[in-house]
Amino acid sequence: DAGVTQSPTHLIKTRGQQVTLRCSPISGHKSVSWYQQVLGQGPQFIFQYYEKEERGRGNFPDRFSARQFPNYSSELNVNALLLGDSALYLCASSFLGLGMGSYEQYFGPGTRLTVT
Amino acid sequence: DAKTTQPPSMDCAEGRAANLPCNHSTISGNEYVYWYRQIHSQGPQYIIHGLKNNETNEMASLIITEDRKSSTLILPHATLRDTAVYYCIVREPPGTASKLTFGTGTRLQVTL
């Protein structure tokens, strides 16, 4: 079975631009979470979606948004890019959503975003 | 979220057991201890989790102290492929947001 897939693998954008990152969860998983990992730090939680609804949000500005589609894939959008948005963006899928047990999350390989 | 404290780095000889400690002195009674690892340039990989009993799977063993204020992840026979950053995470209780809150982890270097 395929694991979590993310696209693109790498991306270079200019300050002020907008970017869309994509994630496909493991087959059968209905929950997708997004994390940002700045170089040298651990991943930081951005969003979790379950059954197409936002079920959790981290401490990120409104420039960050996401959505989940009927097939449970997800997109993360970042507007008005800043240099500080340069990071590895990770998607994780799980069988259940927030507050629904202790099911582990499975991570994709990430999208490396560089903002110049 | 309960905070965790881990040493920034550790070394281990190949074939020996790697024992990675984690302090979580403010853990709540129903919070779980999770371990993930991240090999360079890859997404984090789930290893093991536990509540209060010791746990073992094909990858590792997790030893949680009786007072639950600390735990140790044991890789019984470390190989070069175990070189990674290991994260100890305390998950929020069921019924609330259960996102993963990562710290900076322990960088384990396995050497010949």
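For the record, the sequence lines run as chains A and B. Under our numbering, the first residue of the first sequence is numbered 4, with each subsequent residue one higher. Under our numbering, the first residue of the second sequence is numbered 567, with each subsequent residue one higher. A virtual CB, placed ideally from N, CA and C, is assigned to each residue, including glycine. Since the structure is predicted, the reported quantities are computational estimates derived from the model, not experimental observations.
Against chain A, with Cβ distances strictly below 7 Å, would residue i count as a contact?
i      : result
G595/B : no
K569/B : no
K665/B : yes
G671/B : yes
Please go through the same chain and pick out, in chain order, the residues whose beta-carbon is closer than 8 Å to the beta-carbon of residue i, but skip the five residues on each side of it.
i      : result
Q40/A  : P46, Q47, A90, L91, Y92, L93, G113
L14/A  : V22, L24, T114, R115, L116, T117
K569/B : H590, T592, V656, G669
T17/A  : L84, V118, T119
Q675/B : S575, M576, D577, C578, T649
Could you tell me how far apart the beta carbons of residue i and residue j are, in whole angstroms, since I believe they sit closer than 8 Å?
i      : j      : result
T8/A   : S27/A  : 5 Å
C588/B : S627/B : Not confirmed; about 14 Å, so no contact.
S96/A  : S34/A  : 6 Å
A69/A  : F50/A  : 5 Å
R66/A  : A83/A  : 5 Å
D648/B : A584/B : 7 Å
G616/B : Y598/B : 7 Å
Q611/B : Y602/B : 6 Å
Excluding the 5 residues preceding and the 5 following residue i in the sequence, name in chain order all residues of the same chain whose CB lies nearer than 7 Å to its CB.
i      : result
T677/B : D577, A579, E580
Could one say the Cβ of residue i lies closer than 7 Å to chain B's Cβ atoms, at least one of them?
i      : result
P112/A : yes
E78/A  : no
P11/A  : no
E107/A : yes
G59/A  : yes
L14/A  : no
L116/A : no
L93/A  : yes
T8/A   : no
Along chain B, in chain order, which residues have C-beta atoms closer than 7 Å to that of residue i?
i     : result
F98/A : Result: empty, since nearest Cβ-Cβ is about 12 Å, beyond 7 Å.
P46/A : P610, F668
Go through its chain and collect everything with a Cβ distance to residue i's Cβ below 6 Å, but skip five positions before and after it.
i      : result
E621/B : I614, L628
L666/B : I655
R673/B : S575, V651
L586/B : L639, Y652, T672
I605/B : A650
L42/A  : none
A5/A   : none
L688/B : Outside the shown range of chain B (567 to 678) lies residue 688/B, about which nothing can therefore be said.
What residues from chain A crowd round residue i, counting only those whose CB sits closer than 8 Å?
i      : result
Y653/B : G45
Which chain B residues sit within Cβ distance under 9 Å of residue i?
i     : result
S36/A : K665, L666
Length-filtered (3 minimum) beta strand (DSSP E) runs lying within the segment 36-93 of chain A:
Correct list: 47-53, 56-60, 67-71, 77-81.
What residue ranges within the segment 597-633 of chain B form continuous beta strand (DSSP E) runs of no fewer than 3 residues, ordered along the chain?
DSSP runs (the beta strand (DSSP E)) wholly in the segment 597-633 of chain B: 598-604, 611-616, 627-630.
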